[in-house]
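In my numbering, the protein residues as written are 750 to 1123. What follows is a single structure, written as structure tokens, with notes after it.
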Ligand code: NI
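Here you go:
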């Protein structure tokens, strides 16, 4: 007797694990999948997660469906009866829904495997939240030779069961910056004896606001946020150093480069104008997703023809490391509505689990159509 998908979802929600620690989650998925007829499972050498394979009737195309499996360092603040039992860790990005959709999809396709040609792979990818998982999976070479890839992400801004589809990017290029402003500390009563980095850093924060309004093409979208301002310890001492941190979000590669260069230019020049020095360090995060135009059209048509609530997909400023997989294998990530409520990464995030069934049957049908078409 196999568990219902709702039981599986609740187990996953109750037992979230942080990136690079998904051992129990991987073993659990493995156990559930091993009860499905025709599924072959492979593990990765350098990370948790697994790749499961289902062979259709005859050789043909290879499609990989990707679900990420990790959770976040968040203290869950919901009243769910299946609330997290791993204190301080929460499935607040809906990856428990993603795993459940992939498992249910594997069950459905296993039943139908005499009805399609080719191979379907189910990638249970670890370490999405630290943006390392997709890269580790790609480095394993286990995805070599795949023809296309599909994935989904829950969206708590959409009604339960709605499917948001859009070609091009639906998540952003994510970059992180750190600016160190060095001045000269002195007595708070004698500013003439120092070089105040607090005033210089404040001017930098204000000047950075002009990048999006004055440098970015109005037809493009970008965000520059300073999220961390650290300097000084006491009320009567001007410190020697201030540290600023923040993030840049863009969709277009050229805009991304321009914004990064402009942050460096503004911070060093403004710092100099105030007699201080600034040094900027930029850390690249995930690149923007890029949904394949042709697959997007097929996926939209399929959904509309079969009675799914297909809507235009949102372009969100969040990051997704699935983009690294899409860079090598053409693919599509869709948004799956899980009912409107608190956003992703919010301690009160709750997903309506009825969306699992919708997601699984949608992808089961779409994958069979993609595999059987010539
Ligand atoms: Ni996520």
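Even for Gly, the Cβ is constructed at its ideal location relative to N, Cα and C.
| query | Just to check, is the beta-carbon of residue 844 closer than 7 Å to a non-hydrogen atom of the ligand NI? | reply | By one-based count along the chain shown, residue 844 stands at place 95. Correct: residue 844 has its Cβ closer than 7 Å to the ligand NI.
| task | For residue 825, verify whether its CB is less than 7 Å away from any heavy atom of the ligand PLP. | result | In the structure shown, the ligand PLP is absent; the only ligands present are the ligand NI.
| residue 771 to residue 1072, Cα distance in whole Å? | Residue mapping note: residue 771 aligns to position 22 of the chain shown, counting from 1. Residue mapping note: residue 1072 aligns to position 323 of the chain shown, counting from 1. If you take the alpha carbons of residue 771 and residue 1072, they lie about 21 Å apart.
| task | Consult DSSP for residue 999 and reduce its assignment to one of helix, strand or coil. | result | Counted from its first residue, the chain shown places residue 999 at position 250. Residue 999 falls in the strand class under three-state DSSP.
| query | Of all the options 987, 1077, 1048, 1093, which has the alpha carbon lying nearest to the alpha carbon of residue 1067? | reply | The residue you call residue 1067 lines up with position 318 of the chain shown. For the residues 987, 1077, 1048, 1093, the minimum Cα distance to residue 1067 belongs to 1093.
| message | Relative to the C-alpha of residue 989, which candidate in 948, 840, 763 has its C-alpha closest? | response | In the chain shown, residue 989 corresponds to position 240, counting from 1. Answer by Cα proximity: 948.
| request: Under 8 Å by Cβ, that's how I've got residue 915 and residue 755 pegged, so tell me the actual separation to the nearest angstrom. | output: As a working mapping, residue 915 is identified with position 166 in the chain shown. As a working mapping, residue 755 is identified with position 6 in the chain shown. Going by Cβ atoms, the distance from residue 915 to residue 755 rounds to 29 Å, so no, they are not a contact pair.
| said: I'd like to know if residue 864 contacts chain B, where contact means its C-beta is closer than 8 Å to some C-beta of that chain. | reply: Among the protein chains of the structure shown there is no chain B, as only one such chain exists.
| query | Excluding the five sequence neighbours on either side, which residues of its own chain have a C-beta within less than 6 Å of the C-beta of residue 1024, listed in chain order? | reply | The sequence position of residue 1024 within the chain shown is 275, counting from 1. Closer than 6 Å at the Cβ level, and outside the excluded window around residue 1024, lie 944.
| field | Beta-carbon separation (whole angstroms), residue 1103 vs residue 909, contact threshold 8 Å | value | Within the chain shown, residue 1103 is the residue found at index 354, counting from 1. Within the chain shown, residue 909 is the residue found at index 160, counting from 1. With a Cβ gap of about 6 Å, residue 1103 and residue 909 count as contacting.
| query | Curious, which full-length alpha helix (DSSP H) runs of at least 4 residues does the region 880-941 contain? | reply | 882-888
| request: For residue 1057, name the three-state secondary structure that DSSP assigns. | output: Indexing the chain shown from 1 puts residue 1057 at position 308. Three-state result, residue 1057: coil.
| Which runs of the alpha helix (DSSP H) fall wholly inside the region 756-834 and span at least 4 residues, in chain order? | 772-782
| Pick from 1007, 777, 858 that is closest to residue 866, judged by C-alpha positions | The sequence position of residue 866 within the chain shown is 117, counting from 1. With distances taken between Cα atoms, residue 866 lies closest to 858.
| Pairwise C-alpha distance: residue 1054 and residue 975 | Start at 1 with the first residue of the chain shown, and residue 975 comes out as number 226. Start at 1 with the first residue of the chain shown, and residue 1054 comes out as number 305. About 45 Å.
| Looking at C-alpha atoms only, which residue of 809, 1106, 991, 880 is the closest neighbour of residue 862? | Taking the first residue of the chain shown as position 1, residue 862 is located at position 113. Closest by alpha carbon: 809.
| Distance, residue 874 Cα to residue 819 Cα | One-based indexing of the chain shown puts residue 819 at position 70. One-based indexing of the chain shown puts residue 874 at position 125. Spanning the two alpha carbons is a distance of roughly 8 Å.
| Roughly how many angstroms separate the alpha carbons of residue 1010 and residue 853, rounded to a whole number? | Here residue 1010 is taken as the residue at index 261 of the chain shown, counted from 1. Here residue 853 is taken as the residue at index 104 of the chain shown, counted from 1. Straight through space, the alpha carbons of residue 853 and residue 1010 are spaced by roughly 46 Å.
| said: Going by beta-carbon coordinates alone, are residue 924 and residue 969 separated by less than 8 Å? | reply: Translated into positions along the chain shown, residue 924 becomes position 175. Translated into positions along the chain shown, residue 969 becomes position 220. No, the Cβ-Cβ distance between residue 924 and residue 969 is not below 8 Å.
| said: Any heavy atom of the ligand NI closer than 7 Å to the beta-carbon of residue 969? | reply: Walking along the chain shown from the start, residue 969 turns up at place 220. No, the Cβ of residue 969 stays beyond 7 Å of every heavy atom of the ligand NI.
| Can you give the beta carbon distance from residue 824 to residue 758, rounded, assuming they're within the 8 Å contact cut? | Here residue 824 corresponds to residue number 75 of the chain shown, with the count starting at 1. Here residue 758 corresponds to residue number 9 of the chain shown, with the count starting at 1. So it is not a contact: roughly 21 Å between Cβ atoms.
| the region 879-897 contacting the region 1007-1022, beta-carbon criterion three pairs below 8 Å | no
| Check whether residue 767 and residue 891 have beta carbons under 8 Å apart | Translated into positions along the chain shown, residue 767 becomes position 18. Translated into positions along the chain shown, residue 891 becomes position 142. Taking 8 Å as the Cβ cut-off, residue 767 and residue 891 do not qualify as a contacting pair.
| query | Which residue's Cα is closest to the Cα of residue 855: 971, 838, 783? | reply | Numbered from its first residue, the chain shown carries residue 855 at position 106. Nearest of 971, 838, 783 to residue 855, Cα basis: 783.
| task | Please report how far the alpha carbon of residue 821 lies from the alpha carbon of residue 1046, in whole angstroms. | result | Taking the chain shown and counting its residues from 1, the one referred to as residue 821 is at position 72. Taking the chain shown and counting its residues from 1, the one referred to as residue 1046 is at position 297. Each residue's alpha carbon lies about 33 Å from the other.
| query | Taking three-plus beta-carbon pairs below 8 Å as touching, is the region 896-907 in contact with the region 1072-1086? | reply | yes
| field | Residue environment, residue 938, which counts as buried when at least 16 other CB atoms sit within 10 Å | value | Here residue 938 corresponds to residue number 189 of the chain shown, with the count starting at 1. Exposed, because fewer than 16 other Cβ atoms sit within 10 Å of the Cβ of residue 938.
| query | So which of 1087, 920, 788 has the shortest CA-CA distance to residue 1069? | reply | Translated into positions along the chain shown, residue 1069 becomes position 320. With distances taken between Cα atoms, residue 1069 lies closest to 920.
| field | residue 796 versus residue 775 - alpha carbon distance | value | Locating residue 796 in the chain shown gives position 47, counting from the first residue. Locating residue 775 in the chain shown gives position 26, counting from the first residue. So the two alpha carbons sit approximately 10 Å from each other.
| task | In the DSSP assignment, find the alpha helix (DSSP H) that holds residue 950 and state where it starts and stops. | result | One-based indexing of the chain shown puts residue 950 at position 201. Note, residue 950: alpha helix (DSSP H), 946-959.
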